[in-house]
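Line by line, the protein sequences give chains A and B. When we follow the working numbering, the leftmost residue of the first sequence carries the number 1, and every step to the right adds one. When we follow the working numbering, the leftmost residue of the second sequence carries the number 399, and every step to the right adds one. Beta carbons: idealized from backbone N, C-alpha and C, even for Gly. Here's the structure we're looking at; comments come further down.
2 protein chains.
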Amino acid sequence: MRKSSSLSDEPLSKEEPVEKDFIRVFSRVFQMFEKPLLSGSEFDDCAAVRLDSFCRDLSAESLTFSTDTVRESSDFPKSMTPWQKGWMAAAVNLSDLAAMGSKPVAFLFSAGLPAGFTLTDAKTLAQGIQDAVSFFGGEVVGGDTEFCEELTITGTVVGISENKNLTFRKHAVSGDLLCVTGAPGSAGVALSLLLNDIETAVSVSDSFIKNLTEPFPRIAEGLMLSKSGAVTSMIDTSDGLAFSVHELSSLSGAGFEISEQALLSAADPEALEILEKRVLQDIKTQNNDNGHLEDARDAQALLLQNALYTGGDYELLFTVSPDKIGEVEEIFRTYNESCAPDFNKLPSDGKSGRYPCRFTIIGKAIAESETVIFRQSRSEQIRRPLLKKGYDSFKKYI
Amino acid sequence: MRKSSSLSDEPLSKEEPVEKDFIRVFSRVFQMFEKPLLSGSEFDDCAAVRLDSFCRDLSAESLTFSTDTVRESSDFPKSMTPWQKGWMAAAVNLSDLAAMGSKPVAFLFSAGLPAGFTLTDAKTLAQGIQDAVSFFGGEVVGGDTEFCEELTITGTVVGISENKNLTFRKHAVSGDLLCVTGAPGSAGVALSLLLNDIETAVSVSDSFIKNLTEPFPRIAEGLMLSKSGAVTSMIDTSDGLAFSVHELSSLSGAGFEISEQALLSAADPEALEILEKRVLQDIKTQNNDNGHLEDARDAQALLLQNALYTGGDYELLFTVSPDKIGEVEEIFRTYNESCAPDFNKLPSDGKSGRYPCRFTIIGKAIAESETVIFRQSRSEQIRRPLLKKGYDSFKKYI
């Protein structure tokens, strides 16, 4: 149970707020929105939602579910605002639905709040959740709160699908082209800036940092790709692209080869520029004058590391039969020309500059079971195994 | 994403397990069971479940959702086993569905595991979750794990209902009888035994302690009561009976009067016996010889405190129009005579002795908005306001 219906309009200034104070604040944020509810969770033991209210443009043959937790010490760099923490808690869960091509209908969260967390913080956090859910689809239907040593938010997302449109990981076949949306590596580069406090030393745009702090789940893209029937398998890259490629490989039985050059071409030029400046700065700091010719190569290697092994990008990685790649190009062309999301719905914080969305062919599925990354020079191709490593929440990285 | 498909059969002995080790262990427990799945969450970003697979005996017109967190310092007394902690995480969420009269279809959890939590602990915890979900209905469709300072499990439960059968809190009307299932106060008395380490000093049955450590959500009872149409409002008593009565009151606008004697008659005689021995023991400890005549009264007062203000019972509190009380009696008679749950499905730990289930009329809804509890003697009725207090997770009680 653990809910309260006391929605009276008390001021938000109170010492040592308790559970019901936080629930009142959360309820106020979430009740502002029209919901297709029979009952909201602030009024009954459960939220109850009419299934037909969600099924205007597709029939709900399947339900999809995912749950994921974000917390202060492993997911929130110091500069993140409560709004961004709320947004992230919803976004990382929504990204799982995107990777199945499922439509979000409901979001629930449980917020573990530490000592010192104020009711104003709670209100802003709730607004971040509400904004993400309302932007990408679905309704916030339930919440729970309790004390926790550190800020910890567990989100659960529920989606609906038509059975034929669900996209799994296991159906990649040899010859399929391997594609990724957006600019892999940006979240990782942004993280390294924040971790090393060099954001000020290297000039960087606000929107670049938001690649990390405001993940942008590819809901619309995932729905279109799944519906097209052109995509054979799909996964998100939340734990790092290399880890995701290995997941596709182990489920489908196919190996993959990835082109370094193609992957670098997908990256954001700003990411490379930042890394080039960093490399230069490191060299200066170390009074090391040699190796200027190597700078570009060093920065590229760093960018590859971030694109492959650092989590946080939340892009879609998918496979397409070569004869259907034209259909996928057409999908993105149409989407980018005529389906712009309504960013005006969001406060300025939310405009993450992740639209228009391009995709890049970075490799292909191969008959051999090994997964490799290769660099093509004029005379030779250097191939090395792609490591299966990525984000692990039991190893803190912030 | 944050799942792994590495389900290889490595032994459970490994130092410093990381996320994927725990996920492998969880997956092994949950994959042993037949699921109506298009995909399990160990294979894809989401679990995907055919909606029609859940709808054999009722049509899914609505979805119901709830989420609740349990954690070491506020919910798990020291003697609890990992199996019981898993069971509790599922049970407290299922109880919310029971109070709406909804049928559970899916359960997800996020487990925050502390340093020193072993893979064997994880396996046992997962088994507790699986046993509760499989016993009360539905499937475990997703899990997530991360490091946490203390063991913390957030559960999310999804149910289905026919719209007409959902029972809310707001429809109690003056004159309705107020009823409660089971024996209120038992969880509170069990808690006070464990907190004060006097379990050994006062002889107590195993099944009595399980009132606290193995909550028994009234899923079958809630479904039957809702379907009958006899019940006007319903809630569970997880945060304490007094708190729940006030919730019914604030949502419906009715007040309530509760009879002390009726509430005491609902309690488990073992609870009263334990408290009588405790009172006696306290008196001995204090070398206090007076007041023997008062012992029984003191024990009764303690029992009332536990029944009203301590959380943990997870019973159903509901209102019934007086002309329909016969129907409710018939429902419980039929259920208790011919619908025994199959306790053999559970390990011995799970037989909580909460069946057969009786219910007790403890009061009624009144036109006045005040909510009171009264004691009836031969000559007078002593009425006092029922406090609105109960469990608050921001105030540790363990």
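Alpha carbon to alpha carbon, what distance is there between residue j and residue i?
i: residue 273/A; j: residue 518/B; result: 48 Å
i: residue 399/B; j: residue 239/A; result: Below a pLDDT of 50, predicted positions are generally treated as unreliable, and residue 399/B, at 44, falls in that range; the measurement from the model is reported next regardless. Going by the C-alpha atoms only, they are around 7 Å apart.
i: residue 45/A; j: residue 177/A; result: 48 Å
i: residue 31/A; j: residue 47/A; result: 12 Å
i: residue 697/B; j: residue 677/B; result: 7 Å
i: residue 669/B; j: residue 788/B; result: 19 Å
i: residue 591/B; j: residue 530/B; result: 25 Å
i: residue 723/B; j: residue 532/B; result: 32 Å
i: residue 291/A; j: residue 297/A; result: Any reading at residue 291/A must be qualified, since the residue scores a pLDDT of 49, below 50, and its modelled position is unreliable; the value itself is stated next. When rounded, the distance between both Cα atoms is 10 Å.
i: residue 152/A; j: residue 520/B; result: 20 Å
i: residue 185/A; j: residue 427/B; result: 35 Å
i: residue 149/A; j: residue 115/A; result: 7 Å
i: residue 462/B; j: residue 564/B; result: 9 Å
i: residue 340/A; j: residue 327/A; result: 19 Å
i: residue 66/A; j: residue 499/B; result: 24 Å
i: residue 758/B; j: residue 580/B; result: 8 Å
i: residue 309/A; j: residue 438/B; result: 25 Å
i: residue 21/A; j: residue 449/B; result: 37 Å
i: residue 560/B; j: residue 88/A; result: 34 Å
i: residue 17/A; j: residue 493/B; result: 27 Å
i: residue 627/B; j: residue 524/B; result: 36 Å
i: residue 425/B; j: residue 440/B; result: 7 Å
i: residue 586/B; j: residue 712/B; result: 11 Å
Sorted by chain position, which residues of the same chain lie with C-beta nearer than 6 Å to residue i's C-beta, five sequence neighbours on each side aside?
i: residue 213/A; result: 80 and 84
i: residue 642/B; result: 633, 635 and 715
i: residue 768/B; result: 653
i: residue 761/B; result: 576, 654, 655, 656 and 657
Let me confirm a value: residue i is counted as buried when at least 16 other C-beta atoms fall within 10 Å, else exposed. Which label applies?
i: residue 508/B; result: buried
i: residue 281/A; result: exposed
i: residue 412/B; result: Low per-residue confidence applies at residue 412/B: pLDDT is 47, beneath 50, and the placement is therefore not dependable enough to give any value.
i: residue 4/A; result: Low per-residue confidence applies at residue 4/A: pLDDT is 41, beneath 50, and the placement is therefore not dependable, though the value from the model is reported in the following sentence. That one is buried.
i: residue 606/B; result: buried
i: residue 169/A; result: buried
i: residue 376/A; result: exposed
i: residue 146/A; result: buried
i: residue 255/A; result: buried
i: residue 466/B; result: buried
i: residue 344/A; result: exposed
i: residue 720/B; result: exposed
i: residue 778/B; result: exposed
i: residue 138/A; result: buried
i: residue 195/A; result: exposed
i: residue 19/A; result: buried
Going by C-alpha distance, which of the options is nearest residue i?
i: residue 771/B; options: 503/B, 535/B, 702/B and 608/B; result: 702/B
i: residue 659/B; options: 559/B, 780/B, 604/B and 744/B; result: 780/B
i: residue 257/A; options: 246/A, 336/A and 378/A; result: 246/A
i: residue 71/A; options: 55/A, 56/A, 92/A and 52/A; result: 92/A
i: residue 510/B; options: 535/B, 648/B, 541/B and 501/B; result: 541/B
i: residue 159/A; options: 646/B, 447/B, 769/B and 735/B; result: 447/B
i: residue 338/A; options: 357/A, 321/A, 320/A and 327/A; result: 357/A
i: residue 674/B; options: 661/B, 650/B, 649/B and 700/B; result: 700/B
i: residue 577/B; options: 639/B, 717/B, 480/B and 492/B; result: 717/B
i: residue 783/B; options: 745/B, 719/B, 762/B and 640/B; result: 640/B
i: residue 619/B; options: 733/B, 667/B, 555/B and 423/B; result: 733/B
i: residue 204/A; options: 191/A, 55/A and 118/A; result: 191/A
I'd like to know if residue i contacts chain D, where contact means its C-beta is closer than 7 Å to some C-beta of that chain.
i: residue 478/B; result: Structure shown: chain D not included; protein chains present are A and B.
Counting only the same chain and skipping the five closest in sequence on each side, list residues whose C-beta sits under 7 Å from that of residue i.
i: residue 776/B; result: none
i: residue 90/A; result: 107, 129, 132, 133 and 155
i: residue 621/B; result: 499 and 501
i: residue 663/B; result: 758
i: residue 534/B; result: 492, 502, 615 and 617
Who are the near neighbours of residue i in its chain, counting only those whose CB is closer than 8 Å to its CB and skipping five residues on each side?
i: residue 367/A; result: 174, 254 and 255
i: residue 623/B; result: 499, 565, 629, 632, 714, 716, 726 and 729
i: residue 227/A; result: 101 and 165
i: residue 141/A; result: 35, 37, 40, 41, 47, 49, 106, 107 and 108
Regarding residue i and the ligand HEM, is the C-beta to nearest heavy atom distance less than 6 Å?
i: residue 514/B; result: Because no ligand of any kind appears in the structure shown, any question about the ligand HEM cannot be addressed here.
- Item | Length at least 4, wholly inside the segment 167–251 of chain A: the alpha helix (DSSP H) runs in chain order | 186–195, 206–213 and 219–228
- Whole beta strand (DSSP E) runs in the segment 415–451 of chain B with 3 or more residues, listed along the chain? 435–437 and 445–448
- Message: Quick check for students: name the residue ranges of the alpha helix (DSSP H) that lie wholly in the segment 509–569 of chain B, counting only runs of 4 or more.
- Response: 517–534
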